[in-house]
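**Q** Heads up: the sequence lines are chains E and Y, in that order.
Each residue of the first sequence is one higher than the last, beginning at 1 in this note's numbering.
Each residue of the second sequence is one higher than the last, beginning at 402 in this note's numbering.
For each residue, glycine too, the CB sits at the ideal point set by N, CA and C.
These numbers were taken from a predicted model, which means no experiment stands behind them.
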Amino acid sequence: MEIRQVRDEEFFQWRIAVRGSLGDHTNRESTAFMRAHRVEIDRLLVCMDSDTMAGSGGADSFDMTLPGGAQVPVAGVAYITTAPTHRRRGVQRSIMKRIHDDARERGDVASILWASQSLLYGRYGYGNSIPAHNWHIDVRHTGYDHAPEWSGHYVKLERDEAIPLMTEAYERTRLHRTGMITRTAKRWLYEIHPVETKDEFFVIYKEGDDALAYARYTMQFDPHDEFRGTMYVVEAVAATDAAHAGLWRFLLDQELVHEVIAYARPVDDPLVWMLAEPRRLRRTLTDAIWMKFLDIPAMLEKRTYPVEDSLVIQVTDAETKETRNLAVEFGTDGATCRDTNTAPDLVMNEAELAAMYAGTVECSMLANIGLIEVSARTPNAALRADAIFRTSPAGWNPYHF
Amino acid sequence: MNSKTNRLKGIEFREGREQERFAFLKTMHRGFSGHFNADPGRLEYNKAGWAPMSNSVCAFDGNEIVGTTSWVGFQLTVPGGKMEFMGVTDVTVAATHTRRGIMREMMRRVLVKGRDAGQHTAGLWASESNIYGRFGYGMSGEVHIAKIDTRDSRFRVMPKTTGEVRFADHVKMRQVAPVLWQKSADRHIGMMLRPDAEWDWIYDAQRIRRLRDRRPFHVTYAEDGEHLGYATYRIQHRDDDLHSTNLVRVDELIAATASAEAALWRFLLDIDLATELVDNHHPKKSNLLWLLADPRKLSLTPYDSVWIRILDPVKSLTSRTYSSDGEVAIKVVDKFCPWTEGVYLLTADEYGNATCVSTDRAPDITMSVAALGSIYMGAMQLSDIARAGGITEHKSGSVAHIDRMFTISGVHSFLPDF
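Written as structure tokens, this is what we have:
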């Protein structure tokens, strides 16, 4: 079997293979739209078993925001499938390795993905860096106890008018929120698909001429009661706390809506602190973004930290099993990182380093259950790492690519 | 006379007397939509182990008790150790007398009573989450409702364990459980240290007999004869006609080490004839989540656990330790118990020990007494709370500074509810 780049002329065949492995069909029109608006053909891979497509994979190029505001290039891994006829032969492992090699060559410092199943990617060094909550809210109980004062207004627009304003609000938010990634103009047109997402509504929250927040949502009504609706919030993004309060007041106050279901909300969303009845916000944890470092020193150096400290961390590569000891000096404007022979304070697999990077899980907890080893010489190293990697607001990525 | 006073006309508030205990319990249980089971054992336990009637504040309409409130003093683990704590409890108003301000008046009186008895920090587990914020309580911790199909519960790593899980009866548990609870409390904040009378009651043979089929199972985990953990659980019998699909309900899982905890989870997840496990007091920081090979299969729903109500900021703030040294002047706003209002200068040294004094200094930050209660246990971050509004930073960076001082990493528990 051979892994190679996908050729333009076989893109439709490739897409049929990808969708087929996920139990789905496609068509020429949808494929052409995807080719034009989404994919970078030179980042798409196919695993050929003579003339059969046995597996697929690839990546989209994004910039991701790190704590402190740095933007770094990352590979948004997707399209990972193995043909049902070719399972259990190492196809996926080979494709993942090739994706990582290619991405490193391009200068990507990390790769990120949304997993179809949560047991798949730990073995390749991915850690669950950015979990999220899905929300179910009975809107009868959603009065605010208190909230930041908001003064903006709402506009509801059709797709073509909404996209530029949503882009504006998204960009204002993205640049300051750990974990958020770029979405190009073309990609906006792809995500808000003229056919596949035709049922979506768009609301923009504006203060003066500035678009500060938006939501994409759909409505579904009880088939036997046209006045009993459920709102599905696909994406709700707000650049400021006031805009967040204003946007959610809009979403929770729609006539005929009995329940609001929202996906991939931040685990530290302040709405729970605003509600007079916080327990009515039913949250369920989901794993959302898995991340693997492709360049560990770069990822450590490019974020900022709330405290100054230093640690020697031994990291094991999930694929090669090679270890390296990194001496890291953490500071409020970044870090310096160099290879060292000094004995480590903390010993971990790369997946655990990625998991604790965005402030959503503590090093001490992973150490407590044995996933991270703490040197007997520096028993408080895990607690120090908790303080070093604390991130507020914590990582979030609303973009299900 | 304002309308509020009118609404309370004819209602008398006072301490309950010992001979009124039965009436108190009857009203209290009815308030939670239940019936008081007036068996002698239960009444005796209530006398011996729970709040003395002199701690109660009752509302009377004539001779009838129409509102109940009380408090229990116990030790609670907080960052840096344990402290005296005022557990507010038994808060009910009879369905015939709601919406008149009875609860507000009882709450005010019981907090004054606690303060006068020297209590500096009060708290409770709320029956509903919309009640206590207005009285200055802040949501101070969260736990999870955890559910999993046990057939999806393979671990990705199994910590090396050399011990054994064994069934235990109530006699054995009476010996083993309090010791393990104490060991666990040494590592967890938010744990109530149960008095002996409570342990006696939990493992009381007569009480357990009365539970019949609802009585729990107990197992212990020991390595080389040393007990390191226990679990208490019940089985709810179910089937889909062809197969048993029993539900395992975890009441308590207490472990002194992470490997003991893993071994007990493995035991609970592997019980035959069961297909689902539910733990309604699962820690916010779930070790189980990170043990699972397929973590998405564990459903975790967070909800509020302990609500904290600061009664005396100086004593309260010096009863815990802090994660970093520093100094901050906090202005506290408290409409319900105005005696806590003021500006407090909190100073922590490099070991986390603190002093606190009332000060004339200009405050660095202004927050409600509820917000101060929310961050007290170290489990909630002020930066998250501040994004919901209502907090004024006079000196830039104070929120982040308080995050560093107050937030405690590592293990929280918030067990049990009381």
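By the criterion of Cβ-Cβ separation under 8 Å, what are the contact partners of HIS176 (chain E) in chain Y?
**A** Neighbours of HIS176 (chain E) on chain Y: none; closest Cβ ~13 Å, over 8 Å.
**Q** Report the three-state DSSP secondary structure of GLU352 (chain E) (helix, strand or coil).
**A** helix
**Q** Could you please give the first and the last residue of the uninterrupted beta strand (DSSP E) stretch that includes VAL204 (chain E)?
**A** For clarity, residue 204 (chain E) is Ile in the given sequence; the question names Val instead. First-last of the beta strand (DSSP E) with ILE204 (chain E): 201-207.
**Q** Where does THR304 (chain E) sit, in a helix, a strand or coil, going by DSSP?
**A** coil
**Q** If contacts are defined as beta-carbon pairs under 8 Å, then GLY55 (chain E) and ILE95 (chain E) qualify, I think. What distance do you get, rounded to the angstrom?
**A** 6 Å
**Q** Can MET180 (chain E) and ILE204 (chain E) be called in contact, C-beta distance under 8 Å?
**A** no
**Q** Between PHE475 (chain Y) and LEU594 (chain Y), which are expected to be in contact by the criterion C-beta below 8 Å, what is the C-beta distance as a whole number of angstroms?
**A** 6 Å
**Q** If we ignore side chains and look at the alpha-carbon of each, how far apart do ARG516 (chain Y) and ARG509 (chain Y) end up?
**A** 11 Å
**Q** Ignoring anything shorter than 4 residues, give me the alpha helix (DSSP H) runs that lie fully in the stretch 705-773 of chain Y, in order along the chain.
**A** 714-718
**Q** Nearest to HIS545 (chain Y) by alpha carbon, out of E:THR230, E:ARG282, E:SER364?
**A** E:ARG282
**Q** Kindly indicate which three-state DSSP category MET402 (chain Y) falls into: helix, strand or coil?
**A** Summary for MET402 (chain Y): the model assigns pLDDT 44, below 50, so the residue's position carries little reliability; its value from the coordinates is reported in the next sentence. Residue state, collapsed to three classes: coil.
**Q** How long is the line joining the alpha carbons of PHE389 (chain E) and GLY790 (chain Y), rounded to whole angstroms?
**A** Their backbone Cα atoms lie some 25 Å apart in a straight line.
**Q** In chain order, what are the residue ranges of uninterrupted alpha helix (DSSP H) at least 4 long that sit wholly in the stretch 485-546 of chain Y?
**A** 503-517
**Q** Going along the stretch 686-718 of chain Y in order, which residues come within less than 7 Å of chain E, judged by CB to CB distance?
**A** LYS686, ASN688, TRP691, LEU692, ALA694, ASP695, PRO696, ARG697, SER700, LEU701, THR702, PRO703, TYR704, ASP705
**Q** Could you tell me which of E:SER129, E:ILE369, E:LEU113, E:ASP138 sits nearest to LEU252 (chain E), measuring between CA atoms?
**A** E:ASP138
**Q** Please report the distance separating the alpha-carbon of GLU161 (chain E) from that of HIS193 (chain E).
**A** Cα-Cα distance, rounded: 14 Å.
**Q** Spell out whether any CB of chain E is found under 8 Å from the CB atom of VAL558 (chain Y).
**A** yes
**Q** Under three-state DSSP, which class holds GLY417 (chain Y)?
**A** coil
**Q** Candidates Y:LEU689, Y:VAL733, Y:VAL651: which alpha carbon is nearest ASN681 (chain Y)'s?
**A** Residue Y:VAL651 is the option with its Cα nearest to ASN681 (chain Y).
**Q** Do you know how far the Cα of ASP726 (chain Y) is from the Cα of ASP750 (chain Y)?
**A** 5 Å
**Q** So the alpha helix (DSSP H) SER434 (chain Y) belongs to, where does it begin and stop?
**A** Here SER434 (chain Y) belongs to no alpha helix (DSSP H), and DSSP marks it neither H nor E.
**Q** Can you list the residues of chain E that ARG805 (chain Y) reaches, using a CB-CB cut of under 9 Å?
**A** PRO306, VAL307, ALA387, ARG390
**Q** State the Cα-Cα distance for the pair LEU275 (chain E) and ARG140 (chain E), rounded to the nearest angstrom.
**A** 12 Å
**Q** Any chance you could list the alpha helix (DSSP H) runs of at least 4 consecutive residues sitting entirely within the stretch 580-612 of chain Y, in chain order?
**A** 597-603, 606-612
**Q** If you measure between the beta carbons of ASN531 (chain Y) and GLU277 (chain E), is that distance less than 8 Å?
**A** yes
**Q** Can you have a look at PHE568 (chain Y) and say buried or exposed, based on whether 16 or more other CB atoms are within 10 angstroms of its CB?
**A** Taking all protein chains shown into account, PHE568 (chain Y) has fewer than 16 neighbouring C-beta atoms within 10 Å of its C-beta and is therefore exposed.
**Q** Taking only beta carbons into account, state which residues of the stretch 256-274 of chain E come closer than 7 Å to chain Y, listed in chain order.
**A** ASP268, PRO270, TRP273, MET274
**Q** Just to confirm, is the Cβ distance from ARG183 (chain E) to TYR399 (chain E) under 8 Å?
**A** yes
**Q** List the whole-angstrom C-beta distance separating PHE425 (chain Y) from GLY417 (chain Y), where the pair is believed to meet the contact cut-off of C-beta under 8 Å.
**A** 5 Å
**Q** Determine which residues share a DSSP beta bridge with SER61 (chain E) and list them.
**A** E:ALA75
**Q** Does DSSP put THR332 (chain E) in a helix, in a strand, or in coil?
**A** coil
**Q** Please report the distance separating the alpha-carbon of ALA656 (chain Y) from that of HIS37 (chain E).
**A** Distance between the alpha carbons of ALA656 (chain Y) and HIS37 (chain E): 54 Å.
**Q** Helix, strand or coil: which one does DSSP assign to LEU311 (chain E)?
**A** strand
**Q** Does the separation of the CB atoms of ASP287 (chain E) and PRO696 (chain Y) fall below 8 Å?
**A** yes
**Q** Just to check my reading of the structure: PHE807 (chain Y) and ILE776 (chain Y) have Cβ atoms closer than 8 Å, yes? What is that Cβ distance to the nearest angstrom?
**A** Taking a contact as a CB-CB distance under 8 Å, the pair PHE807 (chain Y) and ILE776 (chain Y) counts as one, their CB atoms being some 5 Å apart.
**Q** To the nearest angstrom, how far is it from the Cα of LYS732 (chain Y) to the Cα of LEU271 (chain E)?
**A** 24 Å
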